[in-house]
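**Q**
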Amino acid sequence: MSEDQSISSAGSPARRFVASIRLGTPADAGAIAALHAESWRSAYRGLVPDDDLGEGLDAERLEFWHKRFATPDAERRVAFLAMSDHLLVGFACVLADADPGHGPLLDNLHVKPGWRGHGIGALLLHKARDWSRSIAPGQPMHLWVLEGNAPARRFYRNQGGVEVERRSEDRGGMTIAVWRCTWRE
Ligand SMILES: CC(C)(COP(=O)(O)OP(=O)(O)OC[C@H]1O[C@@H](n2cnc3c(N)ncnc32)[C@H](O)[C@@H]1OP(=O)(O)O)[C@@H](O)C(=O)NCCC(=O)NCCS
1272 MSEDQSISSA
1282 GSPARRFVAS
1292 IRLGTPADAG
1302 AIAALHAESW
1312 RSAYRGLVPD
1322 DDLGEGLDAE
1332 RLEFWHKRFA
1342 TPDAERRVAF
1352 LAMSDHLLVG
1362 FACVLADADP
1372 GHGPLLDNLH
1382 VKPGWRGHGI
1392 GALLLHKARD
1402 WSRSIAPGQP
1412 MHLWVLEGNA
1422 PARRFYRNQG
1432 GVEVERRSED
1442 RGGMTIAVWR
1452 CTWRE
């Protein structure tokens, strides 16, 4: 897919936010992994064990994205990238079959720090929902969000998401609770 949709908004007087969406490819794994780690460190501090955000995170995310792009059934997952010129400023990944019975899973939605609050997340979510509808007609799309991630939970609520299920686990001396948030088609 070529660039097919774009948003722009005035940021500070010195800065203009412009992003367009394209599909991710295996060649994007490094850039996605770097943004993924950057976003986790900016948003998850205090919500997950510090070890999860330490030095090993960059290599772990890189391996994760290489593996994800290497898995077969490529048509059953999609990564949408928000680009500003050649800079990756956000991404969303949807997996059609990760959690049978619950519809497609929006596994990652991240916008680069400094680029948040300008509609990029909403645009990526919109693309994810459109894809979910096409790959799994009649099924909801869902995601998991950390209970302590108040800005993201508010964002999803404002985007029509409904929290339907809470799960928690103990990890690294912390209790980590997550909510399943779902969108009817
Ligand atoms: C959560 C996240 C993906 C949302 O993306 P975003 O680009 O910041 O989202 P948007 O800009 O589309 O919307 C964010 C807010 O800005 C507002 N907004 C949208 N366009 C705007 C604009 N042009 N000017 C000012 N505000 C705007 C929206 O109303 C929205 O408000 P809300 O949060 O009260 O609903 C992003 O903030 C992020 O990456 N957070 C860190 C990682 C994370 O927590 N990811 C979710 C994991 S489950």
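Here the working numbering is used: the sequence shown runs in plain steps of one and ends on residue 1456. Quick reminder that beta carbons are idealized off the backbone N, C-alpha and C, glycines included. Since we're looking at a predicted model, the values are computed, not measured.
Classify residue 1359 as buried or exposed, calling it buried when 16 or more other Cβ atoms lie within 10 Å of its own Cβ.
**A** Here residue 1359 corresponds to residue number 88 of the sequence shown, with the count starting at 1. Buried, because 16 or more other Cβ atoms sit within 10 Å of the Cβ of residue 1359.
**Q** Please report how far the alpha carbon of residue 1333 lies from the alpha carbon of residue 1439, in whole angstroms.
**A** Residue 1333 sits at position 62 when you count from the first residue of the sequence shown. Residue 1439 sits at position 168 when you count from the first residue of the sequence shown. Whole-angstrom Cα-Cα distance: 26 Å.
**Q** Taking the beta carbon of residue 1298 as the centre, do at least 16 other beta carbons fall within 10 Å, making it buried, or is it exposed?
**A** Within the sequence shown, residue 1298 is the residue found at index 27, counting from 1. Under this definition residue 1298 is an exposed residue.
**Q** Looking at residue 1426 and ligand 1, is the gap between the Cβ and the nearest heavy atom below 6 Å?
**A** Along the sequence shown, one-based indexing puts residue 1426 at 155. Yes; taking the cut-off as 6 Å, the Cβ of residue 1426 has a heavy atom of ligand 1 nearer than that.
**Q** Report buried or exposed for residue 1421, applying the criterion of at least 16 other Cβ atoms within 10 angstroms of its Cβ.
**A** Here residue 1421 corresponds to residue number 150 of the sequence shown, with the count starting at 1. Exposed, by the Cβ-count rule.
**Q** Nearest to residue 1418 by alpha carbon, out of 1314, 1383, 1309, 1341?
**A** Counted from its first residue, the sequence shown places residue 1418 at position 147. For residue 1418, the nearest C-alpha among the options comes from 1314.
**Q** Compute every distance between the C-beta of residue 1310 and the non-hydrogen atoms of ligand 1, then say whether any falls below 6 Å.
**A** Taking the sequence shown and counting its residues from 1, one reaches residue 1310 at position 39. Because some heavy atom of ligand 1 lies under 6 Å away, the Cβ of residue 1310 counts as near it: yes.
**Q** Looking at the secondary structure, which residues open and close the alpha helix (DSSP H) in which residue 1387 lies?
**A** Position 116 of the sequence shown, counted from the first residue, corresponds to residue 1387. First-last for residue 1387: undefined, no H or E at that position.
**Q** Following a CB-centred definition, is residue 1447 positioned closer than 6 Å to any heavy atom of ligand 1?
**A** Residue mapping note: residue 1447 aligns to position 176 of the sequence shown, counting from 1. Flag unset: Cβ of residue 1447 not near ligand 1.
**Q** What number of angstroms, rounded off, separates the C-alpha of residue 1274 from the C-alpha of residue 1426?
**A** Residue 1274 sits at position 3 when you count from the first residue of the sequence shown. Residue 1426 sits at position 155 when you count from the first residue of the sequence shown. Summary for residue 1274: the model assigns pLDDT 42, below 50, so the residue's position carries little reliability; its value from the coordinates is reported in the next sentence. For residue 1274 and residue 1426, the distance between alpha carbons rounds to 25 Å.
**Q** On the three-state DSSP scale, how would you describe residue 1404?
**A** By 1-based counting over the sequence shown, the position of residue 1404 is 133. Looking at residue 1404 - three-state DSSP - the assignment turns out to be helix.
**Q** Is residue 1373 near ligand 1 - that is, is its Cβ less than 6 Å away from at least one heavy atom of it?
**A** Residue 1373 sits at position 102 when you count from the first residue of the sequence shown. It does not: the Cβ of residue 1373 is nowhere closer than 6 Å to a heavy atom of ligand 1.
**Q** Tell me residue 1418's beta-bridge partners as DSSP assigns them.
**A** Your numbering for residue 1418 matches position 147 in the sequence shown. In the DSSP output, where bridge partners are listed per residue, residue 1418 has none listed.
**Q** Using CA coordinates, which residue listed in 1367, 1373, 1456 is at the minimum distance from residue 1435?
**A** Taking the sequence shown and counting its residues from 1, the one referred to as residue 1435 is at position 164. The candidate whose alpha carbon is nearest that of residue 1435 is 1373.
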